[in-house]
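My numbering numbers the first residue of the sequence shown as 158 and each following residue consecutively. Yeah, the Cβ is synthetic: ideal placement off N, Cα and C, and Gly gets one too. Since this is a predicted model, take the numbers as computed values, not measurements. These notes are about the structure you will find just below.
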Amino acid sequence: MPERYRARVNDKHEFSLSEDDLKGLDIVKTDDDTYHIIYNNQSVFLRVIKSDSSSGVYQMEMDGALFDITLEKPLDLFIKEMGFSVGKGALVDRVTAPMPGLLLDVYVEEGQEVEKDEPLLVLEAMKMENVILSPRKGVISGIMQEKGQTVDKGTELISFE
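Below, the structure is given as structure tokens:
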């Protein structure tokens, strides 16, 4: 049985999609954020304005109209069917090192208010600089590591109020 997805558009329209439905789409990427889609002999151009695959929230433009889309994956649907909450509303209260590395720079300080996706620090790993972004809007309550320190994967770097 193909896995199912549920899409909600502009908080008004809701429909279900299967993997087979998705396979029936002819999609060609025409630019960084633009796609040409053919489905049931209809052709449309779609531009992705915003996308957050972790929360399943997207904003797209098609024929000059904006669409806010929330996509629930099969696991999300299964968790809801079991009577549990998917938990997308939970706040992240700390940032940990995604990999071992050297802390090259810290852009924030305790008490500073930050926006979601604002750069917090730079972690060098395997000769590459990785800018770590804020996972949410909030106030920094603690900075656990200093510039120049070597950290292991999972080391707590920053905490939020």
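Within a 10 Å sphere around the beta-carbon of Gly213 sit 16 or more other beta-carbons, which makes this residue buried. Under the three-pair Cβ rule at 8 Å, the segment 221-241 does not count as touching the segment 278-287. Selection Phe317, Tyr215, Gln216, Ser211 evaluated against Val265 yields Phe317 as nearest (Cα-Cα). If you compare the alpha carbons of Leu179, Leu228, Ile184 with that of Asp168, the shortest gap goes to Leu228.
For Glu176, there is no enclosing beta strand (DSSP E); the enclosing alpha helix (DSSP H) covers residues 176-180.
Asp209 sits away from Ala254, with the two beta carbons spaced by 8 Å or more. A direct Cα-to-Cα measurement between Asp177 and Glu267 gives close to 50 Å. The straight-line gap separating the alpha-carbon atoms of Ile289 and Ile206 is approximately 22 Å. Spanning the alpha carbons of Arg251 and Glu272 requires a straight line of approximately 14 Å. Secondary structure of Asp209 (DSSP, three-state): strand. Bounds of the beta strand (DSSP E) holding Thr191 are 191-196. Around the beta-carbon of Gly305, fewer than 16 other beta-carbon atoms lie within 10 Å, marking it exposed. Spatial neighbours of Lys294 in its own chain (CB-CB distance under 6 Å, excluding positions within 5 residues in sequence) are listed in chain order as Glu272, Lys273. The C-alpha of Glu171 lies about 41 Å from the C-alpha of Thr312.
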